[in-house]
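Protein chains: 2
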Amino acid sequence: MEDQPTRIMLAVNQSTINGYPHASISCRRAFEWTLQKIVRSNTSGFHLLFLHVQVPDEDGFDGSDSISASSDDFKDQNPRYNSRGLQLLEFFVTRCHELGVTCESWLKKGDPTEVICLEAKRVQPDFLVLGSRGLGPFKKVFVGTVSEFCAKHAECPVITIKRREDETPEDPIDD
Amino acid sequence: MEDQPTRIMLAVNQSTINGYPHASISCRRAFEWTLQKIVRSNTSGFHLLFLHVQVPDEDGFDGSDSISASSDDFKDQNPRYNSRGLQLLEFFVTRCHELGVTCESWLKKGDPTEVICLEAKRVQPDFLVLGSRGLGPFKKVFVGTVSEFCAKHAECPVITIKRREDETPEDPIDD
Numbered sequence: 001m002e003d004q005p006t007r008i009m010l011a012v013n014q015s016t017i018n019g020y021p022h023a024s025i026s027c028r029r030a031f032e033w034t035l036q037k038i039v040r041s042n043t044s045g046f047h048l049l050f051l052h053v054q055v056p057d058e059d060g061f062d063g064s065d066s067i068s069a070s071s072d073d074f075k076d077q078n079p080r081y082n083s084r085g086l087q088l089l090e091f092f093v094t095r096c097h098e099l100g101v102t103c104e105s106w107l108k109k110g111d112p113t114e115v116i117c118l119e120a121k122r123v124q125p126d127f128l129v130l131g132s133r134g135l136g137p138f139k140k141v142f143v144g145t146v147s148e149f150c151a152k153h154a155e156c157p158v159i160t161i162k163r164r165e166d167e168t169p170e171d172p173i174d175d
Numbered sequence: 176m177e178d179q180p181t182r183i184m185l186a187v188n189q190s191t192i193n194g195y196p197h198a199s200i201s202c203r204r205a206f207e208w209t210l211q212k213i214v215r216s217n218t219s220g221f222h223l224l225f226l227h228v229q230v231p232d233e234d235g236f237d238g239s240d241s242i243s244a245s246s247d248d249f250k251d252q253n254p255r256y257n258s259r260g261l262q263l264l265e266f267f268v269t270r271c272h273e274l275g276v277t278c279e280s281w282l283k284k285g286d287p288t289e290v291i292c293l294e295a296k297r298v299q300p301d302f303l304v305l306g307s308r309g310l311g312p313f314k315k316v317f318v319g320t321v322s323e324f325c326a327k328h329a330e331c332p333v334i335t336i337k338r339r340e341d342e343t344p345e346d347p348i349d350d
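Written out as structure tokens, the structure is:
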């Protein structure tokens, strides 16, 4: 079992403040946390799986199959390269490539909560890491939390990483 | 930051079927999962913190301070060694010692849900690992789930590891 790397799935999304192709503050935090606290120096022991779920018709893109390893892989995706979702994934894949952590990434369309749970069931990662804005109960009612839904419904273990307070924008609903 | 090991807190409890001093199926599963999927070969990168919360007056023991490193440390706990909780902790500390993973363990008294959250706040681990029996919603109503409460209320990230189906006893409420 030690031969097979631990497969960690990260659901990543785009920022609501800075516009495309920036990753949201909370998913960047979840990613950095995973590297610092779990992967650490054991880069060969882990394999990261990046999923981005696009809301249908967001930019007229139909999803992509798995893309691995390095940012060069994204160059071959022309003319689909225009997709903002692919640019988001490239951010994470490039960072993994620099660090020597193997990874895969792919895009899906649909309701993020449902698609994340479905993909977790299909891909069967060892666990799922989700970023969260860490909103209080009052704010949550209006915003909805993908992480809470997935923590409850995903078939694999889920760990939710809250956005750091010093990274919280003026309006905490922004991310 | 890489110099400091990742501190993982595990709340461990006793079996309801085999009697003392056995660890419950679900907490043993959470422990083995942590070793296999997180610690892996990077034994110096992690520091485990074992907490056992005893229900008050369970065996007339008043709690212990932190005990580290090896099973020999438990020998010095005489005459408190009779405590079943200490024997439970010895199981985990001995296993860590064999593997070369540093650890600490301690006992507290009280309501497990509250004490786990309070201790997580005090000790500030990087994350908390909890075992769960993985009962369906119907069974949960009658049993209550420590893991669900802590996942919601602990101030650190929480990952819940379900008991494996092939380890589930005849009555799934047993553990």
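If you read the protein sequences in the order shown, they are chains A and B.
Residue 13 in my numbering sits at position 13 of the first sequence; the count goes up by one each step and never skips.
To convert, count from 1 in the second sequence and add 175; that's my numbering.
Built from N, CA and C at the ideal position, the CB exists for glycine as well.
According to the DSSP assignment, residue 304/B belongs to the beta strand (DSSP E) that extends over 302-307. When C-alpha distances from residue 161/A are compared across 133/A, 173/A and 168/A, the shortest belongs to 133/A. Counting the other Cβ atoms within 10 Å of the Cβ of residue 189/B gives 16 or more, which makes it buried. At a cut-off of 8 Å between beta carbons, residue 24/A makes no contact with chain B. Among the CB atoms of chain A, one or more fall inside 8 Å of the CB of residue 213/B. When rounded, the separation of the alpha-carbon atoms in residue 271/B and residue 173/A is 42 Å.
Neighbours of residue 157/A across chain B, judged by C-beta separation under 7 Å: 334, 335 and 336. Each residue's CA atom was taken as its position, placing residue 330/B and residue 292/B some 7 Å apart. For residue 87/A, the enclosing alpha helix (DSSP H) covers residues 84-99. Residues 16, 24, 25, 26 and 133 of the same chain have their beta carbon placed closer than 6 Å to that of residue 175/A, with the five preceding and five following residues left out of the count. Within chain A, no residue has its CB atom less than 8 Å from the CB of residue 190/B, the nearest being about 22 Å off. DSSP places residue 288/B in the uninterrupted alpha helix (DSSP H) bounded by 287-298. Rounded to the nearest whole angstrom, the CA to CA distance from residue 105/A to residue 224/B is 34 Å. Taking C-alpha positions only, residue 275/B is separated from residue 183/B by approximately 15 Å. Cβ contact annotation for residue 339/B (same chain, cutoff 8 Å, sequence separation greater than five): 204, in chain order. With a cutoff of 8 Å on beta-carbon distance, residue 158/A and residue 135/A are scored as not near each other. Below the 8 Å Cβ cutoff, chain A contributes 151 as neighbours of residue 326/B, in chain order. Straight-line measurement puts the Cα of residue 109/A at about 42 Å from the Cα of residue 287/B. A Cβ-Cβ distance of about 17 Å is found for the pair residue 269/B and residue 221/B, leaving them out of contact under the 8 Å criterion.
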